[in-house]
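Residue numbers (the working numbering), protein chains in the order written: chain A, 60 to 173; chain B, 8 to 122. Comments concern the structure below.
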Amino acid sequence: GENVEQHPSTLSVQEGDSAVIKCTYSDSASNYFPWYKQELGKGPQLIIDIRSNVGEKKDQRIAVTLNKTAKHFSLHITETQPEDSAVYFCAVSGATGTASKLTFGTGTRLQVTL
Amino acid sequence: EAQVTQNPRYLITVTGKKLTVTCSQNMNHEYMSWYRQDPGLGLRQIYYSMNVEVTDKGDVPEGYKVSRKEKRNFPLILESPSPNQTSLYFCASSPLTSGSQYEQYFGPGTRLTVT
Numbered sequence: 060g061e062n063v064e065q066h067p068s069t070l071s072v073q074e075g076d077s078a079v080i081k082c083t084y085s086d087s088a089s090n091y092f093p094w095y096k097q098e099l100g101k102g103p104q105l106i107i108d109i110r111s112n113v114g115e116k117k118d119q120r121i122a123v124t125l126n127k128t129a130k131h132f133s134l135h136i137t138e139t140q141p142e143d144s145a146v147y148f149c150a151v152s153g154a155t156g157t158a159s160k161l162t163f164g165t166g167t168r169l170q171v172t173l
Numbered sequence: 008e009a010q011v012t013q014n015p016r017y018l019i020t021v022t023g024k025k026l027t028v029t030c031s032q033n034m035n036h037e038y039m040s041w042y043r044q045d046p047g048l049g050l051r052q053i054y055y056s057m058n059v060e061v062t063d064k065g066d067v068p069e070g071y072k073v074s075r076k077e078k079r080n081f082p083l084i085l086e087s088p089s090p091n092q093t094s095l096y097f098c099a100s101s102p103l104t105s106g107s108q109y110e111q112y113f114g115p116g117t118r119l120t121v122t
C-alpha cells in the first residue's frame with residue numbers, strides 16, 4: 060500500500076519567517092495531494108490541495124509544490140503568524156481514482172514564536 | 008451550519024464493554040470514513056463507506072465494526088474494546104462529486120480510553 064513520510068515532525072519559526080514541510084510518497088499512481096491543518100482540540104481541516112497535473116498552487120500565504128518524478132510535495136507558509144501554529148498533515152490519494160483512500164503523513168507540529 | 012458531529016466527545020470504559028461512537032453529517036455527503044489518530048502515527052483509516060449499505064475496510068479495521076443504514080449516520084462499534092484501542096477517533100465525510108472532489112470534512116473527535 061501507499062507509504063507517506065513527512066518531515067520534520069516539529070518545526071519552530073519566528074513570526075514573519077517562512078515554514079516548509081515536506082512529504083514523500085511511494086505510489087506513482089497517486090494523483091491527489093491535500094494538506095490539512097489541525098488546531099488544538101479540533102478535527103483536521105483542509106487548507107490547500109493539488110492534483111497531479113499541476114506543479115504548484117498558491118492561496119495567499121500558503122503554497123504547495125509537487126514533484127511527481129521524485130514523488131514528493133511540500134507545503135510552504137510565508138510570513139508566518141501565531142495563528143499558523145498547529146499540526147499539519149499531508150495526505151495522498153487517488154491510486155484508485157476515488158476519495159475512498161487518503162493516506163496521511165505522521166504530522167508536523169508547527170510553532171510560530173513572537 | 009454544515010458539520011460533522013460525533014458523540015460522545017470523551018469516553019472512558021473498561022475492557023470488553025461494548026460501545027458505539029456515533030457520527031452524523033448534515034451535508035448529504037455520500038462518503039464517510041473513520042480514522043484513529045495516535046502520536047507519531049498520524050491518522051489511519053479504520054473503515055469507510057461510499058454510500059448507504061456500502062462499507063469497506065481501511066488500514067486498521069481489526070476490532071471495529073461499522074454500519075451505514077442511513078446516508079447521514081455512520082456509527083463506529085467496538086464490540087469488545089481493548090486497551091490498544093485507546094485513541095483519538097475522527098469521523099469524516101466527503102462529497103464524491105463537487106468542485107473540491109476529495110475534500111474531507113472532519114468531526115471534532117472522540118477521545119476514547121479503555122482501561
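Ideal Cβ placement from N, Cα and C applies to all residues, glycine included.
**Asked** Of all the options G102/A, L70/A, N126/A, D86/A, which has the alpha carbon lying nearest to the alpha carbon of I136/A?
**Response** Residue mapping note: residue 136/A aligns to position 77 of the first sequence, counting from 1. Of G102/A, L70/A, N126/A, D86/A, the residue nearest in Cα terms is L70/A.
**Prompt:** Where does the unbroken beta strand (DSSP E) through F92/A begin, and where does it stop?
**Reply:** Numbered from its first residue, the first sequence carries residue 92/A at position 33. Taken as a continuous stretch (DSSP letters only), the beta strand (DSSP E) holding F92/A covers 91–97.
**Prompt:** Just reading off the beta strand (DSSP E) that H135/A is part of, what are its end residues?
**Reply:** Counting from one through the first sequence, the residue named residue 135/A turns up at place 76. Segment 131–136, the beta strand (DSSP E) holding H135/A.
**Asked** Quick one: which chain B residues come within Cβ less than 7 Å of G67/A?
**Response** Mapped onto the first sequence, residue 67/A falls at position 8. According to the sequence shown, residue 67/A is Pro rather than Gly. What P67/A touches in chain B: nothing, since even the nearest Cβ is about 13 Å away.
**Item:** Closest residue to Y38/B among V11/B, K24/B, T27/B (Cα-Cα distance)
**Value:** Within the second sequence, numbered from 1, the residue matching residue 38/B stands at position 31. Ranking V11/B, K24/B, T27/B by Cα distance to Y38/B puts V11/B first.
**Request:** Check Q170/A in the structure and name its three-state DSSP category.
**Result:** By 1-based counting over the first sequence, the position of residue 170/A is 111. DSSP places Q170/A in strand when its eight states are reduced to three.
**Message:** Could you tell me the alpha carbon to alpha carbon distance between K72/B and P82/B, rounded to whole angstroms?
**Reply:** Walking along the second sequence from the start, residue 72/B turns up at place 65. Walking along the second sequence from the start, residue 82/B turns up at place 75. Spanning the two alpha carbons is a distance of roughly 8 Å.
**Request:** Measure from the C-beta of L50/B to each C-beta in chain A and report whether the shortest distance is under 8 Å.
**Result:** Position 43 of the second sequence, counted from the first residue, corresponds to residue 50/B. For L50/B, the answer is yes, since a Cβ of chain A falls inside 8 Å of its Cβ.
**Request:** Check whether the Cβ atoms of S144/A and V171/A lie closer than 8 Å to each other.
**Result:** For the purposes of this step, residue 144/A is taken as the residue at position 85 of the first sequence. For the purposes of this step, residue 171/A is taken as the residue at position 112 of the first sequence. In this structure, V171/A lies closer than 8 Å to S144/A by Cβ.
**Message:** Counting only C-beta atoms, is E69/B closer than 8 Å to chain A at any point?
**Reply:** Your numbering for residue 69/B matches position 62 in the second sequence. Not an interface residue.
**Request:** Using a cut-off of 9 Å between C-beta atoms, extract the partners of G102/A located in chain B.
**Result:** As a position in the first sequence, residue 102/A is number 43, starting the count at 1. Near G102/A (Cβ distances below 9 Å), the residues of chain B are V11, Q13, F97, C98, A99, Y112, F113, G114, P115, G116.
**Message:** Quick check on the DSSP output: the beta strand (DSSP E) that includes R75/B runs from which residue to which?
**Reply:** The residue labelled residue 75/B in the question sits at position 68 within the second sequence. Per DSSP, R75/B belongs to no beta strand (DSSP E) and is neither H nor E.
**Message:** Considering just the uninterrupted stretch of the beta strand (DSSP E) at N126/A, what are its terminal residues?
**Reply:** Along the first sequence, one-based indexing puts residue 126/A at 67. Segment 121–126, the beta strand (DSSP E) holding N126/A.
**Request:** Please report how far the alpha carbon of A88/A lies from the alpha carbon of Q32/B, in whole angstroms.
**Result:** Here residue 88/A refers to the residue found at position 29 when the first sequence is read from its first residue. Here residue 32/B refers to the residue found at position 25 when the second sequence is read from its first residue. Approximately 31 Å, taken between the alpha carbons.
**Request:** With DSSP as the reference, label D76/A as helix, strand or coil.
**Result:** Locating residue 76/A in the first sequence gives position 17, counting from the first residue. Coil at D76/A, not helix or strand.
**Asked** When the Cβ atoms of the stretch 23–30 of chain B are set against those of the stretch 98–109 of chain A, are three or more pairs found closer than 8 Å?
**Response** no
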